[in-house]
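**Student:**
2 protein chains.
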Amino acid sequence: MPPDDPLDRAFAALADPTRRAILQRLGAGDAGVVELAGGSPLTQPAITKHLKVLERAGLIARGRDGQRRPARLRLEGLLPVDDWLRRTHAEWSDRFDRLETHLASQPEATTSEENRDA
Amino acid sequence: MPPDDPLDRAFAALADPTRRAILQRLGAGDAGVVELAGGSPLTQPAITKHLKVLERAGLIARGRDGQRRPARLRLEGLLPVDDWLRRTHAEWSDRFDRLETHLASQPEATTSEENRDA
DNA sequence: AGGTTATATAACCGATCGGTAAAATGCAAC
DNA sequence: GTTGCATTTTACCGATCGGTTATATAACCT
Numbered sequence: 676m677p678p679d680d681p682l683d684r685a686f687a688a689l690a691d692p693t694r695r696a697i698l699q700r701l702g703a704g705d706a707g708v709v710e711l712a713g714g715s716p717l718t719q720p721a722i723t724k725h726l727k728v729l730e731r732a733g734l735i736a737r738g739r740d741g742q743r744r745p746a747r748l749r750l751e752g753l754l755p756v757d758d759w760l761r762r763t764h765a766e767w768s769d770r771f772d773r774l775e776t777h778l779a780s781q782p783e784a785t786t787s788e789e790n791r792d793a
Numbered sequence: 676m677p678p679d680d681p682l683d684r685a686f687a688a689l690a691d692p693t694r695r696a697i698l699q700r701l702g703a704g705d706a707g708v709v710e711l712a713g714g715s716p717l718t719q720p721a722i723t724k725h726l727k728v729l730e731r732a733g734l735i736a737r738g739r740d741g742q743r744r745p746a747r748l749r750l751e752g753l754l755p756v757d758d759w760l761r762r763t764h765a766e767w768s769d770r771f772d773r774l775e776t777h778l779a780s781q782p783e784a785t786t787s788e789e790n791r792d793a
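Sequence lines, in order, name chains R and E. Taking the numbering used here, the leading residue of the first sequence gets 676, the next gets one more, and so forth. Taking the numbering used here, the leading residue of the second sequence gets 676, the next gets one more, and so forth.
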């Protein structure tokens with residue numbers, strides 16, 4: 676198994692609506708498993724599992740407050756996603772820019788292996 | 676199956692490095708399955724599957740060019756992700772602002788086992 | 001000690017995932 | 001037509017996912 680880098684884990688963690696809901700809720704303040712399970716049809720172990728996924732993705736951290744283990748958001752956890760999105764956005768608009776420029780100036784082939792859909 | 680909205684599908688699609696590589700490669704121009712499989716250790720059916728996932732996520736569209744079926748990027752496919760990230764970012768910085776204000780008034784010692792790089 | 005509460009783990013389940021090999025389809029050219 | 005190429009579909013596989021119930025820790029409080 677390849678490393679399974681943070682970007683993989685972050686995207687995978689965010690792909691689940693329950694997990695995104697947990698993050699959103701944590702935005703209103705740290706919360707323990709019971710509190711999180713309260714606003715959800717899921718059972719407490721399910722929430723614990725989701726928290727573990729979010730933790731491994733770096734999106735939350737668990738603390739210790741008495742017998743509770745409140746989860747809190749980790750801002751840095753979104754950085755890999757943020758970065759990837761920025762880079763990709765740049766590349767894509769690059770491509771679209773080039774396409775537009777190309778179409779505006781001259782309707783024929785440019786370098787080596789471009790697409791010719793006009 | 677519940678709705679499984681576009682955001683779910685987009686995040687899930689992006690969670691796979693092979694799929695992200697395909698997107699990046701498509702940034703350099705449309706490509707068919709054979710071309711995509713060429714730069715990968717995977718077989719063609721595997722690529723076809725990945726393309727289907729990307730297509731259902733709205734991140735690519737398939738065309739028709741002779742007997743090829745080239746895939747091309749779909750810029751709009753990233754919009755849901757973009758939106759979610761923007762919204763979440765806003766909410767989180769909100770929370771961190773409040774946290775800083777709070778910390779300024781009272782020091783705390785709750786955390787025990789996290790790796791927060793200053 | 002015992003009891004209550006918060007959380008985690010274990011064992012299990014069906015569904016989905018990522019991959020394969022092999023067969024089927026589609027399309028072009030001879 | 002048949003041949004040849006690009007692509008998809010069809011089983012099939014093991015692994016992971018998202019959920020459950022039941023049980024085990026762990027921390028608090030009498």
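Ideal Cβ placement from N, Cα and C applies to all residues, glycine included. As the structure is a computational prediction, the values presented were derived from the model and not from experiment.
Quick one: what does DSSP say Ala706 of chain E is sitting in, helix, strand or coil?
**Tutor:** Looking at Ala706 of chain E - three-state DSSP - the assignment turns out to be strand.
**Student:** Where in the region 684-737 of chain R do unbroken runs of the alpha helix (DSSP H), each at least 4 residues long, occur, reported from the N-terminal end onward?
**Tutor:** If we require 4 residues or more, the alpha helix (DSSP H) runs fully inside the region 684-737 of chain R come out as 692-701, 708-713, 719-731.
**Student:** In chain E, what lies closer than 8 Å to Val756 of chain R by C-beta?
**Tutor:** Leu760, listed in chain order.
**Student:** Residue range of the beta strand (DSSP E) that Arg747 of chain R falls in?
**Tutor:** Residues 746-748.
**Student:** Name the chain E residues whose beta carbon is nearer than 8 Å to that of Glu766 of chain R?
**Tutor:** Under the 8 Å cutoff, chain E gives Gln699, Gly702.
**Student:** Classify Ala765 of chain E: buried if its beta carbon has 16 or more other beta carbons within 10 angstroms, exposed otherwise.
**Tutor:** So Ala765 of chain E counts as exposed.
**Student:** Is the CB of Leu682 of chain R under 9 Å away from at least one CB in chain E?
**Tutor:** For Leu682 of chain R, the answer is yes, since a Cβ of chain E falls inside 9 Å of its Cβ.
**Student:** Quick one: what's Arg739 of chain E bridged to in DSSP?
**Tutor:** None; Arg739 of chain E has no bridge partner.
**Student:** Kindly list the residues whose CB is nearer than 7 Å to the CB of Arg695 of chain R, restricted to its own chain and excluding five residues on each side of it in sequence; keep chain order.
**Tutor:** For Arg695 of chain R, where only same-chain residues beyond five positions count, the Cβ hits under 7 Å are Leu689.
**Student:** Spatial neighbours of Gln719 of chain R within its chain, please: C-beta separation below 8 Å, excluding the five flanking residues on both sides.
**Tutor:** These residues qualify, in order along the chain: Val708, Val709, Ala712.
**Student:** Measure from the C-beta of Thr723 of chain R to each C-beta in chain E and report whether the shortest distance is under 9 Å.
**Tutor:** So no, Thr723 of chain R is outside the interface.
**Student:** Can you tell me the Cα-Cα spacing of Gly752 of chain R and Pro681 of chain R, whole angstroms?
**Tutor:** Cα to Cα, the separation comes out at about 9 Å.
**Student:** Thinking just about the alpha-carbon of each residue, which of E:Pro692, E:Lys727, E:Arg731 is nearest to the one in Ser715 of chain E?
**Tutor:** Ser715 of chain E has its Cα closest to that of E:Pro692, out of E:Pro692, E:Lys727, E:Arg731.
**Student:** Would you say Arg660 of chain E faces chain R, with C-beta separation under 9 Å as the test?
**Tutor:** Shown here, chain E extends from 676 to 793; a query on residue 660 of chain E therefore has no answer.
**Student:** Measuring only between beta-carbons, confirm whether Ala687 of chain R sits less than 9 Å from chain E.
**Tutor:** Yes, Ala687 of chain R counts as interfacial toward chain E.
**Student:** Is the Cβ of Arg695 of chain E closer than 9 Å to any Cβ of chain R?
**Tutor:** Closer than 9 Å: yes.
**Student:** Is there a Cβ from chain R that is less than 9 Å from the Cβ of Ala690 of chain E?
**Tutor:** Yes, its Cβ sits closer than 9 Å to a Cβ of chain R.
**Student:** Measure the beta-carbon distance from Arg737 of chain R to Glu730 of chain R and round it to whole angstroms, keeping in mind my assumption that it falls under 8 Å.
**Tutor:** That pair is a contact at about 6 Å.
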